[in-house]
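Structure record follows, encoded as C-alpha cells.
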Amino acid sequence: MMARNRTSIIFRQGTHAAVNIDKNVWTTRRKTELFDLESFTYTYLLGCPKTRVAVLIDPVDTQAERDIRITKEMDLKLIYASCVTYVDHAGRMAFTGDALLIRACGRTDFQEGNPETLYESVRNQILSLPEDYMLYPAHDYHGVTTTTVGEELKYNPRLTKSKKEFVEIMEQLGLTRPAKMDEAVPINVMCGPSQLGESHQRMDK
Ligand SMILES: [Fe+2]
C-alpha cells in the first residue's frame, strides 16, 4: 500500500518494495530523459541539484557507459538504479516502468507476470493518483513521451476495463516468447539494471 507521505514506492509486476529517499538529501529534482533506440526504452535520471544525489530509473544495460558518463558530467552521485515504478508526489509525477505504458500496459506472460496483480497494481497505485500527475513510462513505440493519470483513465484501452475483462484481454494476446528470455528473466526478476530480453521486443503487445 502506498503511503502518500513517502517520497517513492517501487514495484515490478506485483513485487512491492518501498524506497525511502530522505527528504533532507532530496530537496529539489532535475529530470534528464534518455532513450534507447533498440529497445524503445526511456531511462530517467533524477538528480537533486543541491545535494547531488540521483536515481536512475529503467536503465538499459547496453547504455551503462552513456548513463555513467552523464551522471558524472552532471556531478551526481547515483544512490539507486533499477527498473521501478516511482512516485514523486512533490513533483506530481510518477515513473511507471513496464506496468503502465501510454494507452497500453506491459505484458504479463513472463517475468512472473500476472494480469490480476498488474491490474490491481496499476489501478490502485498509479491510476488512483490525482489526474494531473504526469506519467513517464519505460517504453513507448509511437513517439509519445508522457501522459497523465487523467488521460489514461479516459483513453487506456485495457486499464479502463473491469479486472475480469482485462485478464481476458491479456490472456488472449497470444504473444510469442521473446528471444533471450532465459537470460533475461533471472536478471529482471532480481530487478537488476537490465532490459536484455526486451531488445526488439515490444512490451505493449
Ligand atoms: Fe522494460
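Residues in the sequence shown are numbered from 1 upward in steps of one, following the UniProt record's numbering.
We treat Cβ as the ideally placed atom computed from N, Cα and C, and that holds for glycine.
For the stretch 166-179 against the stretch 125-136, are there 3 or more C-beta pairs whose distance is under 8 Å?
Segments in contact, no.
What's the C-alpha gap between residue 155 and residue 162?
In the sequence shown, residue 155 corresponds to position 155, counting from 1. In the sequence shown, residue 162 corresponds to position 162, counting from 1. Roughly 14 Å separates the two Cα atoms.
What residues in its chain sit with their C-beta under 8 Å from that of residue 292, if we drop five residues either side in the sequence?
No answer is possible for residue 292: the residues shown for the chain start at 1 and end at 205.
Cross-strand partners of residue 99 (DSSP beta bridge):
To locate residue 99, count along the sequence shown from 1; it is residue 99. DSSP links residue 99 through a beta bridge to no other residue.
For residue 157, which residues from the same chain have a beta carbon less than 8 Å from its beta carbon, with the 5 sequence-adjacent residues on both sides left out?
Start at 1 with the first residue of the sequence shown, and residue 157 comes out as number 157. The answer, listed in chain order, is 103, 104.
So, under 8 Å CB-CB, residue 69 and residue 34 are touching, yes? Tell me the CB distance rounded to an integer number of Å.
What you label residue 69 is simply residue 69 of the sequence shown in a count that begins at 1. What you label residue 34 is simply residue 34 of the sequence shown in a count that begins at 1. About 11 Å separates the two Cβ atoms, so there is no contact after all.
Is the stretch 75-91 touching the stretch 105-120, taking contact as three or more C-beta pairs under 8 Å?
The answer is no - the stretch 105-120 does not touch the stretch 75-91, with fewer than three Cβ pairs under 8 Å.
Taking the alpha-carbon positions, what's the residue 64 to residue 82 distance?
As a working mapping, residue 64 is identified with position 64 in the sequence shown. As a working mapping, residue 82 is identified with position 82 in the sequence shown. Cα to Cα, the separation comes out at about 12 Å.
Excluding the 5 residues flanking residue 122 on each side, which residues of the same chain have their C-beta closer than 7 Å to its C-beta?
Within the sequence shown, residue 122 is the residue found at index 122, counting from 1. Close CB contacts of residue 122 within its chain, under the 7 Å cut and outside five residues either way in sequence, are with 99, 100, 105, 159 (chain order).
According to the neighbour-count rule (16 or more other Cβ atoms, all chains shown, within 10 Å of its Cβ), is residue 143 buried or exposed?
The residue labelled residue 143 in the question sits at position 143 within the sequence shown. By the C-beta density criterion, residue 143 is exposed, having fewer than 16 other C-beta atoms within 10 angstroms.
Do you know how far the Cα of residue 78 is from the Cα of residue 39?
As a first step, residue 39 must be located in the sequence shown, where it is residue number 39. As a first step, residue 78 must be located in the sequence shown, where it is residue number 78. Whole-angstrom Cα-Cα distance: 23 Å.
Where does residue 137 fall in DSSP's three states?
The sequence position of residue 137 within the sequence shown is 137, counting from 1. Residue 137 falls in the strand class under three-state DSSP.
If distances are taken between C-alpha atoms only, which option among 176, 107, 90, 44 comes closest to residue 71?
Here residue 71 refers to the residue found at position 71 when the sequence shown is read from its first residue. Selected option, being the one with the closest Cα: 44.
Might you give, ordered along the chain, the residues of its own chain that have their beta carbon closer than 6 Å to the beta carbon of residue 36, omitting 5 neighbours on each side?
As a working mapping, residue 36 is identified with position 36 in the sequence shown. For residue 36, where only same-chain residues beyond five positions count, the Cβ hits under 6 Å are 60, 63.
On a CA-only basis, which of 174, 149, 117, 52 is nearest residue 164? Give me that one, please.
The residue given as residue 164 occupies position 164 in the sequence shown. The candidate whose alpha carbon is nearest that of residue 164 is 117.
For residue 76, which option in 90, 47, 138, 97 has the closest C-alpha, if you only look at C-alpha atoms?
Taking the sequence shown and counting its residues from 1, the one referred to as residue 76 is at position 76. By alpha-carbon distance to residue 76, the top candidate from 90, 47, 138, 97 is 47.
Any idea which residues DSSP pairs residue 81 with across the strands?
Taking the first residue of the sequence shown as 1, we reach residue 81 at position 81. The partner list for residue 81 (beta bridge, DSSP) reads 56.
Closest residue to residue 140 among 55, 42, 51, 175 (Cα-Cα distance):
Stepping through the sequence shown from its first residue, residue 140 is reached at position 140. Among 55, 42, 51, 175, the Cα nearest to that of residue 140 belongs to 42.
DSSP on residue 167, reduced to helix/strand/coil?
Counting from 1 along the sequence shown, the entry for residue 167 is found at position 167. Note: residue 167 maps to helix in three-state DSSP.
For residue 176, does the count of other Cβ atoms within 10 angstroms reach 16, so buried, or fall short, so exposed?
The count along the sequence shown starts at 1 and reaches residue 176 at position 176. Around the beta-carbon of residue 176, fewer than 16 other beta-carbon atoms lie within 10 Å, marking it exposed.
Hey, how far is the Cα of residue 53 from the Cα of residue 174?
Taking the first residue of the sequence shown as 1, we reach residue 53 at position 53. Taking the first residue of the sequence shown as 1, we reach residue 174 at position 174. Those two C-alpha atoms are separated by around 43 Å.
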